[in-house]
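Data first, discussion second: the structure below is written as structure tokens.
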Amino acid sequence: MDPTPSKTRAALWMSGWLALMLILTVAGREATEAVNVFQLMLVRGVLGFAMLYPMIRMNGGFSILKTARVHVHIVRNLIHFGAQLGWFYALTLIPIGQVVAIEFTMPIWTAILAASFLGERMTSWKIVAIVLGVVGVVVIVRPAAGEINPGQLIALAAAVGFGVSIVIVKSLTRTEQAIAIIFWLLMVQSVASLLPALYVWTWPPLATWGWLAVIAFCGTFSHYCMARAMLHADATVVIPMDFLRVPLTAIMGWLIYSERLDAFTVLGAALILAGNFLNLKPGRPLPVRAGT
Numbered sequence: 006m007d008p009t010p011s012k013t014r015a016a017l018w019m020s021g022w023l024a025l026m027l028i029l030t031v032a033g034r035e036a037t038e039a040v041n042v043f044q045l046m047l048v049r050g051v052l053g054f055a056m057l058y059p060m061i062r063m064n065g066g067f068s069i070l071k072t073a074r075v076h077v078h079i080v081r082n083l084i085h086f087g088a089q090l091g092w093f094y095a096l097t098l099i100p101i102g103q104v105v106a107i108e109f110t111m112p113i114w115t116a117i118l119a120a121s122f123l124g125e126r127m128t129s130w131k132i133v134a135i136v137l138g139v140v141g142v143v144v145i146v147r148p149a150a151g152e153i154n155p156g157q158l159i160a161l162a163a164a165v166g167f168g169v170s171i172v173i174v175k176s177l178t179r180t181e182q183a184i185a186i187i188f189w190l191l192m193v194q195s196v197a198s199l200l201p202a203l204y205v206w207t208w209p210p211l212a213t214w215g216w217l218a219v220i221a222f223c224g225t226f227s228h229y230c231m232a233r234a235m236l237h238a239d240a241t242v243v244i245p246m247d248f249l250r251v252p253l254t255a256i257m258g259w260l261i262y263s264e265r266l267d268a269f270t271v272l273g274a275a276l277i278l279a280g281n282f283l284n285l286k287p288g289r290p291l292p293v294r295a296g297t
């Protein structure tokens with residue numbers, strides 16, 4: 006893999022992540038109406054293996070999956086598993102626009118942890134991008150309106166888990182192939198969901214299997230796009246790009262599910278977009294001393 010720093014390449018890979026995650030949101034909303042979230046996670050893992058296998062073969066076979074950091078993969082994927090369960094469950098309790106908006110408290114935890122444990126530098130543009138994004142999310146959700154319910158709290162807990170998971174992924178990209186990161190995600194989450202899924206198992210309707218296949222595809226390859234984006238830019242650069250998912254999901258919820266799209270959502274989206282544009286500004290080059 007080519008780890009050359011490039012915000013353009015990171016943005017292109019994040020475009021793939023955004024598209025797949027938008028589709029995943031709709032598929033998750035539809036599938037959870039017929040199946041338990043543990044079933045969803047198990048089927049996603051099994052189908053994800055089948056979809057990932059051709060890429061494993063094309064990139065040298067199972068030898069690329071060897072790792073000396075199995076314990077890191079296990080910890081990361083158990084945290085992500087819990088966050089993903091909460092995220093899918095929240096989809097059944099509150100509008101999809103709110104779920105995704107609350108999820109975007111995640112960059113706060115990502116930025117703090119990346120700066121603390123990965124040594125990433127917090128530039129003024131990164132800080133402004135995160136602040137504008139978070140303010141935009143608050144404008145959309147409006148917690149002061151007194152409408153907070155358990156679904157919003159579950160979504161917030163999931164956001165913390167996703168933030169921890171993203172920082173660990175950035176650490177893993179320094180030594181691991183992107184395909185290996187996805188393989189271990191599927192492996193750990195399939196094992197973790199097996200017994201709970203069998204306990205509540207009911208055969209999904211035929212139409213739901215289609216949604217489950219979409220979830221498996223999008224869930225597998227969206228993480229591949231994220232891992233590739235992390236190769237080319239810091240986590241504090243990559244994650245604020247994902248703020249675009251908030252207004253896009255709100256629009257999608259309005260078009261597909263007739264969920265409310267008001268002036269607050271439009272204002273919040275504008276703040277989020279402004280933060281993303283600022284985040285993509287090139288950093289100021291370090292001064293060069295004479296004679297060096």
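Going by this note's numbering, the residue at position 56 of the sequence shown is 61; the numbering climbs one at a time, nothing skipped. Think of the CB as a built atom: it goes at the ideal place given N, C-alpha and C, for glycine as much as any other residue. Note that the structure is a prediction, hence the values are computed from the model and not measured.
- Annotated as distal: residue 17 and residue 144, with beta-carbon spacing of 9 Å or more.
- With distances taken between CA atoms, residue 184 lies nearest to 78 out of 132, 20, 78, 28.
- A check of alpha carbon separations from residue 204 across 29, 28, 15, 42 identifies 42 as the nearest.
- Residue 99 sits in coil when the DSSP states are folded into three classes, being neither helix nor strand.
- Residue 174: member of the alpha helix (DSSP H) spanning 155-177, first to last residue.
- In this structure, residue 84 sits near residue 169, with a CB-CB distance shorter than 9 Å.
- In this structure, DSSP gives residue 131 a helical state, which the three-state scheme calls helix.
- Residue 109 and residue 91 do not touch by the CB rule: their CB atoms are close to 15 Å apart, not below 8 Å.
- Residue 229 and residue 188 have their C-alpha atoms some 10 Å from each other.
- Take the alpha-carbon of residue 128 and the one of residue 283: they are about 11 Å apart.
- For residue 68, there is no enclosing alpha helix (DSSP H), as DSSP marks it with neither H nor E.
- Ranking 19, 70, 20, 10 by CA distance to the CA of residue 180 puts 70 first.
- Inside the segment 31-96, DSSP marks whole alpha helix (DSSP H) runs of 4 or more residues at positions 42-63, 75-96, from first to last along the chain.
- In the three-state scheme derived from DSSP, where H, G and I count as helix and E and B as strand, residue 201 is classed as helix.
- At a Cβ-Cβ threshold of 9 Å, residue 216 and residue 35 count as neighbours.
- Take the alpha-carbon of residue 255 and the one of residue 68: they are about 42 Å apart.
- In the three-state reduction of the DSSP assignment, residue 247 falls in the helix class.
- Leaving aside the five residues that flank residue 27 on each side, the residues in its chain whose CB is nearer than 8 Å to its CB run, in chain order, 250, 253, 254, 257.
- The DSSP-derived three-state label of residue 272 is helix.
- Nearest neighbour of residue 167 by Cα position, chosen from 122, 193, 115, 147, turns out to be 115.
- A residue is called buried once 16 or more other Cβ atoms fall within 10 Å of its Cβ, and residue 121, having fewer, is exposed.
- Comparing alpha carbon positions, the residue from 232, 276, 157, 270 closest to residue 20 is 232.
- If you ignore the 5 residues before and after residue 191, its C-beta comes within less than 6 Å of the C-beta of 50, 53, 54, all in its own chain and listed in chain order.
- With a 10 Å radius around the Cβ and a threshold of 16 neighbouring Cβ atoms, residue 237 comes out buried.
- Taking the Cα of residue 235 as reference, the smallest distance to any Cα among 267, 56, 182, 213 is reached at 182.
- The three-state reading of DSSP puts residue 121 in helix, counting H, G and I together.
- By the neighbour-count criterion, in which a residue is buried when 16 or more other Cβ atoms sit within 10 angstroms of its Cβ, residue 186 is buried.
- Here DSSP, grouped into helix, strand and coil, assigns residue 252 to helix.
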